[in-house]
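Numbering (the UniProt record's numbering), first residue to last: 1 to 551. Glycine included, C-beta positions come from ideal geometry on N, C-alpha and C. Below is one structure; the comments refer to it alone.
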């Protein structure tokens with residue numbers, strides 16, 4: 001089919017911290033050289049920041065490099081970290097505070113800021129547009145463009161105005177456009193669906209450990225000013241999770257009497273009856289957490305998968321005509337529980353490589369080996385190398401023994417122990433059979449501290465055009481009922497934090513698998529955790545999904 005097209009020097013997929021930092025850097029480099037580089041950023045959210053969700057405690061190192069005058073420019077870094085409190089929750093009532101001396105150095109946050117990453121991305125987008133970058137929110141990149149030699153030459157945006165069967169709607173159909181580029185940077189975030197295709201096509205992950213993931217659930221609360229301590233950072237390990245079902249929590253005090261609270265559940269968990277959403281809801285009743293939230297009002301909710309395998313799991317970064325950056329590449333530093341500054345730096349390094357090539361007169365299509373070389377010589381590689389064993393130690397040895405290992409590795413050896421741990425079991429393969437697992441009884445939400453899924457999804461302002469093809473694709477539609485239900489009690493109905501998947505019992509007793517795609521908050525947990533690897537998440541029509549205000 002003939003499509004309309006636009007041509008740019010560089011197309012960037014995703015207006016997150018890595019994509020926007022790359023865009024800004026490209027324009028800065030061009031201006032320094034007195035030349036022009038045309039840059040386009042496509043973003044599937046309805047606006048920049050609409051799909052951004054992170055804790056977030058932010059380390060400003062990369063921002064200092066990108067915009068040394070960010071304070072003058074009004075970057076939304078308003079709350080310096082004042083204090084770190086770290087607890088091990090022993091059960092639903094008891095907790096033990098960890099003395100600072102025993103906390104790995106990477107988890108100390110002096111000099112960092114509590115921020116809304118969504119608002120930082122909105123600010124970065126303003127800087128990018130001021131520099132001349134074209135940003136198109138509401139346009140979902142659907143697939144990569146390849147030339148006759150298999151070189152990436154841009155992307156195709158998704159068609160608009162298509163019905164459930166994929167047929168054009170009369171008077172509403174608009175075919176997607178080709179956005180052609182000399183170089184294309186993929187900054188889709190965790191488990192990018194085009195990134196997945198590129199990994200397979202170019203065998204980018206054939207030499208890496210398998211990637212590992214977590215799901216992060218987050219709420220924003222307005223709390224009693226008497227209970228608010230601006231700049232306070234609280235992290236916990238332990239209850240309601242355990243070594244077989246690992247994870248941890250965060251609670252950060254922002255400005256304006258707001259508190260963000262969240263639970264991160266490692267997707268290597270083994271019990272198919274576990275529900276990350278319900279674990280999060282009951283976690284808020286623990287006295288350590290309840291003391292801040294009680295009497296407050298929940299104003300926002302969301303969820304997002306996290307790429308956390310680190311350096312060991314990073315695929316090859318480049319392929320003919322483009323590169324992976326940010327969480328599409330897997331640059332999060334799990335030892336710091338931070339990925340924004342590392343994502344930004346990866347985007348900046350890729351931008352330097354692309355700009356150098358374009359300013360030297362190259363027409364694209366080559367492999368950006370200079371990006372790989374610059375990464376290996378950078379503080380980003382040094383940081384990820386030092387933390388390479390952190391997550392694996394928790395997986396292998398549990399929270400206590402793994403924590404002790406990480407204290408020794410980080411505080412005594414600075415991450416330079418002369419060996420590397422490996423975890424090569426995929427997260428989806430860690431589920432035990434339902435017959436071998438203990439059922440979990442979750443308390444009913446009280447409507448004050450804990451809530452149900454549907455009222456939570458409502459707070460995320462999630463919406464999709466209903467008359468469109470389902471963006472959650474089943475390779476074999478029979479597997480949820482024929483295989484996953486008898487073996488694992490179909491865990492999709494629990495691991496999804498938005499009530500997308502249901503097992504319905506018909507009047508005749510027959511079971512049916514129902515997909516409520518309208519509820520999807522684009523966390524992509526289903527694509528990762530399904531034990532049969534039968535679900536593929538693809539981008540729905542542009543502007544669909546959550547509309548997070550300041551997550």
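Backbone secondary structure at residue i - three-state DSSP
i           : result
residue 326 : helix
residue 182 : strand
residue 549 : coil
residue 168 : strand
residue 253 : strand
residue 264 : strand
residue 116 : coil
residue 27  : helix
residue 526 : helix
residue 373 : helix
residue 279 : helix
residue 366 : coil
residue 239 : coil
residue 305 : strand
residue 100 : helix
residue 356 : helix
residue 334 : coil
residue 204 : coil
residue 258 : strand
Distance between beta carbons of residue j and residue i, contact taken as under 8 Å
i           : j           : result
residue 343 : residue 365 : Contact doesn't hold; Cβ gap of about 26 Å is too wide.
residue 340 : residue 374 : Rounded, the Cβ-Cβ distance is 20 Å, inconsistent with contact.
residue 543 : residue 471 : Wrong, their Cβ atoms sit about 13 Å apart, outside the cutoff.
residue 512 : residue 504 : 5 Å
residue 172 : residue 22  : Between residue 22 and residue 172 the Cβ distance is about 34 Å, and since that is not below 8 Å, they are no contact.
residue 346 : residue 18  : 6 Å
residue 415 : residue 377 : In fact, because the Cβ distance is near 18 Å, the residues do not count as touching under 8 Å.
residue 437 : residue 271 : 5 Å
residue 59  : residue 338 : 6 Å
residue 557 : residue 529 : No answer is possible for residue 557: the residues shown for the chain start at 1 and end at 551.
residue 240 : residue 283 : 5 Å
residue 501 : residue 434 : That pair is no contact at about 16 Å.
residue 427 : residue 396 : Not confirmed; about 14 Å, so no contact.
Cα-Cα separation, residue i to residue j
i           : j           : result
residue 260 : residue 363 : 46 Å
residue 509 : residue 429 : 30 Å
residue 90  : residue 104 : 20 Å
residue 444 : residue 281 : 9 Å
residue 151 : residue 381 : 27 Å
residue 229 : residue 83  : 10 Å
residue 401 : residue 394 : 8 Å
residue 478 : residue 147 : 37 Å
residue 214 : residue 305 : 6 Å
residue 166 : residue 467 : 10 Å
residue 351 : residue 45  : 23 Å
residue 391 : residue 199 : 23 Å
residue 531 : residue 226 : 46 Å
residue 297 : residue 221 : 5 Å
residue 14  : residue 187 : 5 Å
residue 5   : residue 323 : 22 Å
residue 193 : residue 99  : 42 Å
residue 285 : residue 263 : 13 Å
residue 407 : residue 174 : 56 Å
residue 61  : residue 212 : 25 Å
residue 368 : residue 359 : 14 Å
residue 93  : residue 517 : 37 Å
residue 132 : residue 114 : 29 Å
Cβ-based neighbour list, residue i, same chain, cut-off 6 Å, excluding 5 preceding and 5 following
i           : result
residue 75  : 123
residue 54  : 117
residue 550 : 116, 118 and 119
residue 475 : 534
residue 136 : 42
residue 181 : 8, 10, 11 and 154
residue 29  : 355
Proximal residues to residue i (C-beta, below 8 Å), its chain only, five neighbours per side dropped
i           : result
residue 67  : 24, 73, 75 and 127
residue 420 : 312, 388 and 389
residue 288 : 87, 89, 95, 234 and 236
Nonlocal neighbours in the same chain, by C-beta distance under 7 Å from residue i, ignoring five residues either side
i           : result
residue 546 : 50, 51, 302, 460, 461, 462, 521 and 522
residue 109 : 57, 81, 84 and 233
residue 524 : 190, 191, 305 and 537
residue 121 : 15, 16, 17, 20, 48, 49 and 52
residue 292 : 223, 227, 251 and 259
residue 195 : 186, 188, 324 and 328
Residue i CB to nearest heavy atom of the ligand COA below 6 Å
i           : result
residue 266 : For the structure depicted, the ligand COA is absent and the ligand set is empty, with no information on it obtainable.
Could you give the uninterrupted runs of the alpha helix (DSSP H) lying entirely in the stretch 430-505, keeping only those of 4 residues or more?
-> Whole alpha helix (DSSP H) segments, 4+ residues: 453-459, 485-488 and 492-495.
Length at least 4, wholly inside the stretch 118-157: the alpha helix (DSSP H) runs in chain order | Counting only runs of 4 or more, we get nothing.
Write down every uninterrupted run of the beta strand (DSSP E) in the stretch 39-94 whose length is 3 residues or greater and which is fully enclosed by it, in chain order.
-> Listed in chain order, they are 39-43 and 83-89.
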